[in-house]
Every structure is written in C-alpha cells, then in structure tokens.
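Working notes, beginning with the structure itself.
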Amino acid sequence: MSGRWPDRQVEHPLSLQRWEDLTFLHWPVPPATVQAVLPPGLAVDTFDGQAWLGVTPFRMHARPAYGPALPRLSTFPEVNLRTYVRGPDGGDGIWFFSLECPRLPVVLALRAAGVPYVRADAEIHAAPGHLHYRTRRPGSGVGMHASVETGDPLEPDPLADFLTGRWSAYVRRFGRLWRFDVHHEPWPLRKARARTAVAGLIAAAGLPAVIGEPLAHFSPGVRSRVGRPVLVGGRDHGPTAGARKPWSAGARKP
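Quick look at the structure:
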C-alpha cells in the first residue's frame with residue numbers, strides 16, 4: 001500500500017536502478033476524469049476524494065540485475081505521466097500514461113513488455129537549488145518543460161506519502177493486467193516550486209488540461225530494485241482470484 005516504506009520485498013529483481021534529480025509535479029483532477037481513461041480492472045485511487053495527475057522528470061541509471069550496464073543505453077533522462085490506481089489484486093500503485101525516453105532500443109524493448117514508453121529527446125540541467133527539464137517527441141512537437149527551485153528538507157505528510165510512496169506499477173499487455181513491484185529506501189524529499197509547460201504532454205494522453213502550477217516535491221534520488229511482472233488481471237476484464245505466476249521464460253521481458 002502507499003506510504004513511506006515498501007510493502008513487498010523484491011528478492012529476485014529484474015533490474016537494478018538509480019533515480020536521480022527527480023521532481024514530483026502533481027495536479028488535482030476529478031476522479032471521473034481519470035477513471036474514464038483507465039483500462040478495465042483498475043480503479044482510480046483518491047486522497048480525500050481527489051484524484052491526482054503527476055508528471056515526474058528524473059535521470060535514470062538502469063542495468064540488469066544479473067549483468068553489467070549496457071553502454072549508451074543505461075543512463076538517460078526520463079519523464080513519466082502518471083496517476084494512481086487500485087488493482088484487481090487489492091493493491092494500489094501507479095498507472096503510466098506515457099514515459100518519455102531518448103533511447104530507442106529501451107523504448108522498443110519496454111513497449112514490447114507493455115510499458116508505454118515513447119521516443120523523445122530529453123534534457124536535464126541541474127545546478128545547486130535549480131533544475132530544468134525538457135522533452136520533445138520528434139516529428140510531433142509534443143513535450144514538456146519545467147523549471148524547479150528546490151528548498152529545505154521536507155518531513156513527509158500523508159498527502160506526500162500518498163503521491164510519492166508507491167511500490168507497484170500496473171501495465172496492460174495482450175489484454176491482461178500485470179504488476180511490477182519496486183523496493184527502495186524512503187524518498188528523501190525537499191520542498192520545491194515549479195514553473196511548468198505540460199499541456200502538450202497531457203493532451204497527447206487524451207486527458208484534459210490541468211489548471212495552475214503543480215504541487216512539487218524534489219528528491220536527490222534513491223536506488224531501487226524492480227521486480228519481475230506478476231499477472232493480476234484476466235483478459236479484457238476481469239480480476240483473477242489472485243496474483244498468478246510471472247511471465248514464462250519464453251515471453252519477452254523488459
């Protein structure tokens with residue numbers, strides 16, 4: 001469940017990752033707006049009756065759990081567009097509308113795994129107390145940019161825990177829902193203020209425009225362990241009686 005600490009161990013990770021210079025940007029949205037674009041089997045998760053839409057830019061460092069990092073593919077800026085959901089397995093987690101990434105092999109591999117990666121040029125410029133993020137999809141002009149000022153360390157509150165303390169992500173592959181679990185130390189959070197331009201990114205996901213500047217939290221980062229996918233939903237509709245085994249060895253994996 002959402003909160004400061006992970007609710008599942010990831011004993012046999014698929015990937016070891018480090019997420020750096022990360023900013024959580026969030027806007028409140030009506031729950032019905034989110035529910036209308038979720039796949040069967042997922043229900044919007046709310047805080048005090050309010051759903052949230054998030055844009056999260058950061059620097060990714062990733063490698064296979066049992067192998068070396070791949071040159072030129074393992075480090076890159078990433079921006080994800082997300083919301084928060086409850087799954088048919090009774091858990092909660094993240095639903096990604098899109099994940100912007102400049103590495104085409106990464107995009108193709110993870111799209112095959114059901115994760116909605118999109119090829120986009122992406123940049124992060126970091127200086128003490130300031131960060132600038134920018135993405136743009138070639139040929140379409142869809143993208144975002146954000147300028148962030150970071151401040152003092154922040155003691156998490158219930159809303160910050162709801163928005164940042166997420167330990168699973170759901171994806172849809174071949175009409176079925178799968179769950180990836182993650183494990184890392186609690187986020188070290190800092191206060192932040194942000195000026196953003198995200199309308200194109202949000203519109204490309206079929207979502208209505210957000211209003212005003214976001215609620216922002218900055219983190220210097222964490223090291224994480226990403227687990228293997230677990231089947232949690234039946235084809236097209238339905239919840240299963242419980243989580244089922246991960247993809248077989250012959251299936252494509254991220």
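For the sequence shown, position 183 matches number 183 in full-length UniProt numbering, and the numbering has no gaps at all.
All C-beta atoms in this analysis are idealised placements derived from N, C-alpha and C, irrespective of residue type, glycine included.
Suppose contacts are defined by Cβ-Cβ distances below 7 Å. Is residue i in contact with residue j by that definition?
| i | j | result |
| --- | --- | --- |
| Pro-57 | Val-85 | no |
| Ser-219 | Gln-17 | no |
| Trp-114 | Arg-72 | First, the amino acid is wrong: residue 114 is Gly here, not Trp. Contact flag unset, no. |
| Tyr-170 | Leu-163 | no |
| Val-37 | Ala-51 | no |
| Ala-197 | His-145 | yes |
| residue 311 | Ala-194 | Within the shown structure, residues of the chain are numbered from 1 to 254, placing residue 311 beyond reach of any answer. |
| Ala-69 | Pro-13 | no |
| Gly-175 | Arg-235 | yes |
Since residue i and residue j should fall inside the 8 Å C-beta cutoff, what is the C-beta to C-beta distance between them, to a whole number of angstroms?
| i | j | result |
| --- | --- | --- |
| Arg-166 | Gly-93 | 6 Å |
| Arg-136 | Asp-121 | 5 Å |
| Thr-83 | Gly-54 | 7 Å |
| Val-230 | Pro-88 | At roughly 12 Å, the Cβ-Cβ gap does not stay under 8 Å, so Val-230 and Pro-88 are not in contact. |
| Val-148 | Thr-23 | 5 Å |
| Gly-151 | Arg-190 | 6 Å |
Grab me the residues of residue i's own chain with a C-beta within less than 7 Å of its C-beta, minus the 5 sequence neighbours each way, in chain order.
| i | result |
| --- | --- |
| Asp-181 | Arg-8, Val-10, Trp-167, Ser-168 and Gly-227 |
| Arg-111 | Tyr-117 |
| Trp-19 | Phe-58, Met-60, Gly-221, Val-222 and Ser-224 |
| Pro-246 | With a pLDDT of 41 at Pro-246, under the threshold of 50, the modelled position of that residue is not reliable, and no figure is offered here. |
| Ala-192 | Thr-23, Val-148, Glu-149, Thr-150, Gly-151, Ala-216, His-217 and Phe-218 |
Leaving out five residues before and five after residue i in sequence, what residues of the same chain have Cβ atoms less than 8 Å from its Cβ?
| i | result |
| --- | --- |
| Phe-76 | Arg-59, Met-60, Cys-101, Pro-102, Arg-103, Val-106 and Ala-122 |
Could you pull out every residue in the same chain whose Cβ sits closer than 6 Å to the Cβ of residue i, ignoring the five residues on either side in sequence?
| i | result |
| --- | --- |
| Ala-62 | Ser-15, Gln-17 and Ser-74 |
| Ala-43 | Arg-86 |
| Phe-97 | Leu-81 and Ala-205 |
What are the complete alpha helix (DSSP H) segments, minimum 4 residues, inside the region 29-112?
31-35 and 104-112
Would you be able to state if there are at least three C-beta pairs under 8 Å between the region 26-46 and the region 210-217?
yes
Write down every uninterrupted run of the alpha helix (DSSP H) in the region 117-177 whose length is 4 residues or greater and which is fully enclosed by it, in chain order.
158-164
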